[in-house]
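**Q**
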Amino acid sequence: MALSLSLLLGVQIVALRTMLRRRERREEKIVQRWRPLLNAAIMDDAPALLPRLAARDRIVFFKLWVHLHASLRGSATEALNGVGYRIGADAVARDLLRSGNRAERLLATLALGYMRDREAWPALLAQSGVADTMLSLYAAWALVGIDVGAAAAELADAVIDRADWSLSQVVTVMQDARVALAPLLVRRMGPRGAPGTMDKDQLARALRIAEGLRMVLPALVQKQLLTHPSVEVLVVALRMVSHPALLRRVRAYAAHPDWRVRVQAGKTLGQIGERADVAILTRLLADEQWWVRYRAAQALVGLPFYGRDEVEALAAGADDRFVGDILRQVLAERGVA
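Just so we're aligned: 99 in numbering that gives the first Met the number 0 is position 100 of the sequence shown, and the numbers increase by one with no gaps anywhere.
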């Protein structure tokens, strides 16, 4: 009995390997047929006649087409799109988006995004709302590729409310929509300093998205955020301060009871601070938390108006050995010790 089972298993393994080799050979033939044609199109020499995209070839074709698209920019991508539309790949991709399995839907979503296919907008918009994280994110990316402004309007709430969309993924997907997205995020934060429509977790997430997309928030919004009671919100808000008019508020947070806020207050003073802020940073050098001391030392060393000689004199004359130690460490890291 055991011998029979072993023989049966061996036969199945051989059959599976044979099937895989046949599939690989078939896929290689498809690639060999289409790669020269796509490469010619990329070189602005697309043939006048193109073969029909057979049903059995479409998945391999899309894998090749998407792979090439991801490595190209400018007119070369337009050439690939031209080939795609000529052979009806847009219609095939829309069909896969509707009725394909998960992997096929992901592939079709990428293809339609690269093709900027407006006819697929309703289906992609619906997909952006499904529970499947990857399917929804791919759809969001495709929507941005098709229409930046409309995509920002449709996705502004989702990027804040969908906790399964990681911040790094949101920043990547929405990169090209940052200008259109900025006022929509600000509106939810609270325009003109008015209370927003988000709880503290949503607000902290919205701020991190804005930070990741390198948005500059209006001064009134920054001012309002610096009064928020949440430490998580305050830390991100301090990172995003860019208006010198808010220096007084930033200085006050250098004495905040939570060390995370003190850390960021010191870093921000190092970016927009004035000569008067040297005293505050010097005080932070003696903080009980190492990270506060370290960031304050980095801020001091980085101030454009506070020279190396002054930093070395401060380190040499410090009564607290921790102050001298942290300054010398940062100087050594900067290569100026």
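Cβ coordinates follow ideal geometry from the N, Cα and C atoms, glycine included. Computed from a predicted structure; not experimentally measured.
For the segment 178-189 and the segment 200-218, state whether three or more C-beta atom pairs, one from each stretch, are separated by less than 8 Å.
**A** Verdict: yes, contact present.
**Q** Answer yes if the segment 278-291 comes into contact with the segment 257-270, meaning at least three C-beta pairs across the two stretches below 8 Å, and no otherwise.
**A** Counting Cβ pairs under 8 Å, three or more are found: they touch.
**Q** Give every residue of the same chain whose Cβ lies closer than 8 Å to the Cβ of Gly81, excluding the five residues on either side of it in the sequence, and list them in chain order.
**A** Here the set comprises Ala40 and Ala45.
**Q** Flag this pair as yes or no: are the beta carbons of Phe61 and Ala119 separated by less than 9 Å?
**A** Not a contact, by the Cβ cut-off of 9 Å.
**Q** At the level of alpha carbons, what is the spacing between Leu49 and Arg101?
**A** Roughly 29 Å separates the two Cα atoms.
**Q** Going straight from the alpha carbon of Ala193 to that of Val232, what length do you get?
**A** Caution is warranted here: a pLDDT of 49 is assigned to Ala193, below 50, making its placement in the model unreliable, and no coordinate value can be reported.
**Q** Quick check on DSSP: helix, strand or coil for Thr281?
**A** Three-state result, Thr281: helix.
**Q** Between Leu67 and Leu79, how many whole angstroms is the CB-CB distance? I'm expecting something under 8 Å.
**A** Contact flag correct, Cβ pair sits at about 6 Å.
**Q** In chain order, what are the residue ranges of uninterrupted alpha helix (DSSP H) at least 4 long that sit wholly in the segment 173-225?
**A** The segment 173-225 contains these whole alpha helix (DSSP H) runs: 177-188, 199-211 and 218-224.
**Q** What is the DSSP secondary structure of Ser241, reduced to helix, strand or coil?
**A** If DSSP states are grouped into helix, strand and coil, Ser241 belongs with coil.
**Q** By Cβ distance below 6 Å, which residues in the same chain neighbour Ala317 in space, the five residues on each side in sequence not counted?
**A** Cβ neighbours of Ala317 beyond the five flanking positions: Gly323.
**Q** Distance, Cα to Cα, Leu63 vs Leu95?
**A** Answer to the nearest angstrom: the Cα atoms are 16 Å apart.
**Q** Find the nearest neighbour of Ala107 within the set Val59, Leu71, Ala150 and Ser74, judged by alpha-carbon distance.
**A** Here the closest residue by C-alpha is Val59.
**Q** Measure the C-alpha to C-alpha separation of Val235 and Ala54 and round it to an integer number of angstroms.
**A** When rounded, the distance between both Cα atoms is 51 Å.
**Q** Rounded C-beta distance between Val277 and Leu299? I'm assuming under 8 Å.
**A** Correct: roughly 7 Å between the Cβ atoms.
**Q** Would you say the beta carbon of Ala69 comes nearer than 8 Å to a heavy atom of the ligand ATP?
**A** Here there are no bound small molecules, and the ligand ATP is not part of this structure.
**Q** Is Val129 helix, strand or coil by DSSP?
**A** Looking at Val129 - three-state DSSP - the assignment turns out to be coil, as it is neither helix nor strand.
**Q** Given a threshold of 16 other Cβ atoms within 10 Å of its Cβ, counted over all protein chains shown, does Ser127 qualify as buried or as exposed?
**A** When all chains shown are included, Ser127 counts as buried.
**Q** Quick one: Cα of Val178 to Cα of Lys28, how far?
**A** Between Val178 and Lys28, the C-alpha separation is close to 44 Å.
**Q** Mind checking Met173: buried by the 16 CB within 10 Å criterion, or exposed?
**A** Flag for Met173 reads buried.
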